[in-house]
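Asks: Chains L and F, in that order, are what the protein sequence lines are.
With the working numbering applied, the first sequence covers 1 to 164.
With the working numbering applied, the second sequence covers 1001 to 1164.
One structure is given below, represented as structure tokens, and several questions about it will come after.
Protein chains: 2
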Amino acid sequence: MTGPAATRDELSIVDALAQLSFLIHGTLERRASEHDLSIIQTRLLGVLRDRRPSMNELARLLGLDKSSVTGLVDRAERRGLVVRVPSTEDRRTVLVSLTDHGRSLVSQASAQFEADVSTLLDCLPPSDRDAIAGLVSRVLVAHAAARGVDLFATVGTQGSPTWP
Amino acid sequence: MTGPAATRDELSIVDALAQLSFLIHGTLERRASEHDLSIIQTRLLGVLRDRRPSMNELARLLGLDKSSVTGLVDRAERRGLVVRVPSTEDRRTVLVSLTDHGRSLVSQASAQFEADVSTLLDCLPPSDRDAIAGLVSRVLVAHAAARGVDLFATVGTQGSPTWP
DNA sequence: TATTGTTATACTCTATAACTATA
DNA sequence: TATAGTTATAGAGTATAACAATA
């Protein structure tokens, strides 16, 4: 209905992107678990790389209920990956900050994951890789624009990626 | 290290694919939850569309421990989405089969998800969509071949996609 | 009164280990 | 003895509702 069926050696665009997504998601899951991290724990550490948000802001950034974030941060704090710091401005507020250990862990996991994705693309010549990057960027920019977001304004000041 | 940094309006190939993966994964999650399905429940129903596997085979297909599959199938059966059928060949074996309700649910969720991904690509002209499909297919085929799998031999007889 | 965060509770998902029934 | 599946148990992750402390 939505497009041509797959031929002998090419998937439909929908199947191709769906399979690629599962492949990349699984790669991240595997790399994270080598450090005993789940995907959500990795995302938690990821968003803390260039932020020191309150529990409330964290809930919004991760798309979770605040009570879920309490448990998430509890477990990460118990492992020494993050610390809770009382805010000096509002005594109701708790800020969450990465420890050196947490930063080291997320840096390793990210670097390995990026290497995995790079390796996955080794079968393509550089010109084809650039072509994919350009086309996918257009899709992402259009999608972000459709919800009133500038994709490039959301990247942290140090340029850390927005995906983990 | 692994490639050029992102420029003003284009992401690096790794960032682009990682973000796209999270976007597509989130889309599937949202669509599934409209039918009160988790991603793993959707995958369960998906693999049953053209198979009637034993619990053991199901565990292998989903990459889960057999005890996890017991609970998964319990909950799906309680909702009337699947049924357990005793095997006539081996009285230890239990086969799992989709009910009409389960089939209807997974068909709706899949169709909506495919439409979502199609919509996401509306910003590209058909020639660019074909280009992405071709390039991504090459990546997936190369990856499958590297682990000794023929990507196109794994698709079910009715051609249902392998991703859900 | 409104907001921030935690607690209590319940459910899904996952794995390991022990168990039952069958081969 | 080996295999198929379930049960017991433990823990992560999630949400809703009720709560305490602060604004």
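Backbone N, C-alpha and C fix where the C-beta goes; we use that ideal spot for every residue, glycine too.
These numbers were taken from a predicted model, which means no experiment stands behind them.
#1: Looking at the structure shown, is L:Arg84 part of a helix, part of a strand, or coil, going by DSSP?
#2: I believe L:Glu89 touches L:Val83 by the beta-carbon criterion, under 8 Å. Please report the beta-carbon distance rounded to the nearest angstrom.
#3: Establish whether the CB of L:Val14 and some CB of chain F are separated by less than 8 Å.
#4: Ends of the beta strand (DSSP E) at L:Ser97?
#5: Between L:Met55, L:Ser68, L:Leu121, L:Leu11, which has its C-alpha nearest L:Ser97's C-alpha?
#6: Tell me, please, which residues DSSP counts as bridged to F:Ser1054.
#7: What residues match up with F:His1029 in a beta bridge as DSSP calls it?
#8: Suppose the cutoff is 7 Å on Cβ atoms and the five residues either side in sequence are ignored; what does the same chain contact list for F:Ser1038 look like?
#9: Between the C-alpha atoms of L:Thr27 and F:Gln1041, what's the straight-line distance to the nearest angstrom?
#10: Since F:Ser1038 meets chain L, which of its residues come closer than 9 Å, beta carbon to beta carbon?
#11: What residues from the segment 1121-1137 of chain F come within 7 Å of chain L, judged by C-beta to C-beta, listed N to C?
#12: In terms of residues, what are the limits of the alpha helix (DSSP H) holding L:Leu135?
#13: What does F:His1025 reach in chain L if we use C-beta pairs closer than 7 Å?
#14: Roughly how far, in whole angstroms, is the beta-carbon of L:Ala131 from the beta-carbon of F:Leu1135, given that I think they are within contact range, below 8 Å?
#15: Please report whether the beta-carbon of L:Ala18 lies at a distance below 8 Å from any beta-carbon of chain F.
#16: Please work out which residues of its chain come closer than 6 Å, Cβ to Cβ, to L:Phe113, disregarding the five sequence neighbours upstream and downstream, and give them in chain order.
#17: Where does the unbroken alpha helix (DSSP H) through F:Glu1077 begin, and where does it stop?
#18: So with Cβ pairs under 8 Å, would you call L:His143 a contact of chain F?
#19: For L:Arg43, report the span of its alpha helix (DSSP H) as first-last.
#20: Between the segment 109-128 of chain L and the segment 56-63 of chain L, do three or more beta carbon pairs fall short of 8 Å?
#21: Distance, Cα to Cα, L:Arg49 vs L:Ala111?
#22: Closer than 7 Å, Cβ to Cβ, to anything on chain L: give me those residues from the segment 1108-1119 of chain F, in chain order.
#23: Select from L:Gln108, L:Val139, L:Arg79, L:Val106 the residue whose C-alpha is nearest the C-alpha of F:Thr1119.
#24: By the three-class DSSP mapping on this structure, what secondary structure does F:His1035 have?
#25: So is F:Val1047 in contact with chain L if we call contact Cβ pairs under 8 Å?
#26: Where does L:Gly102 fall in DSSP's three states?
#27: So is L:Val96 in contact with chain F if we call contact Cβ pairs under 8 Å?
#28: Taking only the alpha-carbon atoms, compute the straight-line gap between L:His101 and F:Arg1075 and give it to the nearest angstrom.
#29: With a CB to CB cut of under 8 Å and the five nearest residues on each side skipped, what residues in its chain are close to L:Val94?
#30: For L:Glu10, go through chain F and note every residue whose CB falls closer than 7 Å to its CB, in chain order.
Replies: Let's see:
#1: The sequence position of residue 84 of chain L within the first sequence is 84, counting from 1. DSSP places L:Arg84 in strand when its eight states are reduced to three.
#2: Reading the first sequence from its first residue, position 89 is the one you call residue 89 of chain L. Reading the first sequence from its first residue, position 83 is the one you call residue 83 of chain L. Not quite, the Cβ-Cβ distance comes to about 18 Å (not below 8 Å), so this is no contact.
#3: Position 14 of the first sequence holds residue 14 of chain L. Judged by the 8 Å Cβ criterion, L:Val14 is in contact with chain F.
#4: As a first step, residue 97 of chain L is located in the first sequence; it is residue number 97 there, counting from the start. Note, L:Ser97: beta strand (DSSP E), 94-98.
#5: Within the first sequence, numbered from 1, the residue matching residue 97 of chain L stands at position 97. Of the candidates L:Met55, L:Ser68, L:Leu121, L:Leu11, the residue whose Cα lies closest to the Cα of L:Ser97 is L:Met55.
#6: For the purposes of this step, residue 1054 of chain F is taken as residue 54 along the second sequence, with counting starting at 1. According to DSSP, which records beta bridges pairwise, F:Ser1054 is partnered with F:Leu1095.
#7: Translated into positions along the second sequence, residue 1029 of chain F becomes position 29. First, the amino acid is wrong: residue 1029 of chain F is Glu here, not His. F:Glu1029 is not bridged to any residue.
#8: To locate residue 1038 of chain F, count along the second sequence from 1; it is residue 38. Shown here for F:Ser1038: same chain residues with a beta carbon closer than 7 Å to its own, the five before and five after excluded, namely Ala1032 in chain order.
#9: Taking the first sequence and counting its residues from 1, one reaches residue 27 of chain L at position 27. Taking the second sequence and counting its residues from 1, one reaches residue 1041 of chain F at position 41. Using only the alpha carbons, I get a separation of about 21 Å.
#10: The residue you call residue 1038 of chain F lines up with position 38 of the second sequence. Residues of chain L passing the Cβ test: none, with the nearest at roughly 14 Å.
#11: When CB distances to chain L are screened at a threshold of 7 Å, the residues of the segment 1121-1137 of chain F falling below it are Leu1121, Cys1123, Leu1124, Asp1128, Arg1129, Ala1131, Ile1132, Ala1133, Gly1134, Leu1135, Val1136, Ser1137, in chain order.
#12: Looking up residue 135 of chain L in the first sequence gives position 135. Start and end: 126-146.
#13: Within the second sequence, numbered from 1, the residue matching residue 1025 of chain F stands at position 25. Simply Ser21, His25.
#14: Here residue 131 of chain L refers to the residue found at position 131 of the first sequence. Here residue 1135 of chain F refers to the residue found at position 135 of the second sequence. With a Cβ gap of about 7 Å, L:Ala131 and F:Leu1135 count as contacting.
#15: To locate residue 18 of chain L, count along the first sequence from 1; it is residue 18. Output row for L:Ala18: interface = yes.
#16: For the purposes of this step, residue 113 of chain L is identified with residue 113 of the first sequence, where counting begins at 1. Cβ neighbours of L:Phe113 beyond the five flanking positions: Leu28, Arg31.
#17: On the second sequence, position 77 is the one that residue 1077 of chain F refers to. 1066-1078 is the extent of the alpha helix (DSSP H) around F:Glu1077.
#18: The residue you call residue 143 of chain L lines up with position 143 of the first sequence. Yes, because at least one Cβ of chain F sits closer than 8 Å to the Cβ of L:His143.
#19: The sequence position of residue 43 of chain L within the first sequence is 43, counting from 1. Note, L:Arg43: alpha helix (DSSP H), 39-47.
#20: The segment 109-128 of chain L makes no contact with the segment 56-63 of chain L, as fewer than three CB pairs between them are under 8 Å.
#21: Mapped onto the first sequence, residue 49 of chain L falls at position 49. Mapped onto the first sequence, residue 111 of chain L falls at position 111. Taking the straight line joining both Cα atoms gives about 14 Å.
#22: Glu1114, Ala1115, Val1117, Ser1118
#23: As a first step, residue 1119 of chain F is located in the second sequence; it is residue number 119 there, counting from the start. Closest by alpha carbon: L:Val139.
#24: Here residue 1035 of chain F refers to the residue found at position 35 of the second sequence. Looking at F:His1035 - three-state DSSP - the assignment turns out to be coil, as it is neither helix nor strand.
#25: Here residue 1047 of chain F is taken as the residue at index 47 of the second sequence, counted from 1. Answer no: the Cβ-Cβ gap between F:Val1047 and chain L never drops below 8 Å.
#26: Numbered from its first residue, the first sequence carries residue 102 of chain L at position 102. Three-state DSSP puts L:Gly102 in a helix.
#27: Mapped onto the first sequence, residue 96 of chain L falls at position 96. It does not: the Cβ of L:Val96 has no partner Cβ on chain F nearer than 8 Å.
#28: By 1-based counting over the first sequence, the position of residue 101 of chain L is 101. By 1-based counting over the second sequence, the position of residue 1075 of chain F is 75. Rounded to the nearest angstrom, the two C-alpha atoms are 39 Å apart.
#29: If you number the first sequence from 1, residue 94 of chain L lands on position 94. Closer than 8 Å at Cβ, skipping near neighbours: Ser54, Met55, Arg84, Val85, Pro86, Ser87.
#30: For this step, residue 10 of chain L is matched to residue 10 along the first sequence. Chain F residues near L:Glu10: Ala1133, Gly1134, Ser1137.
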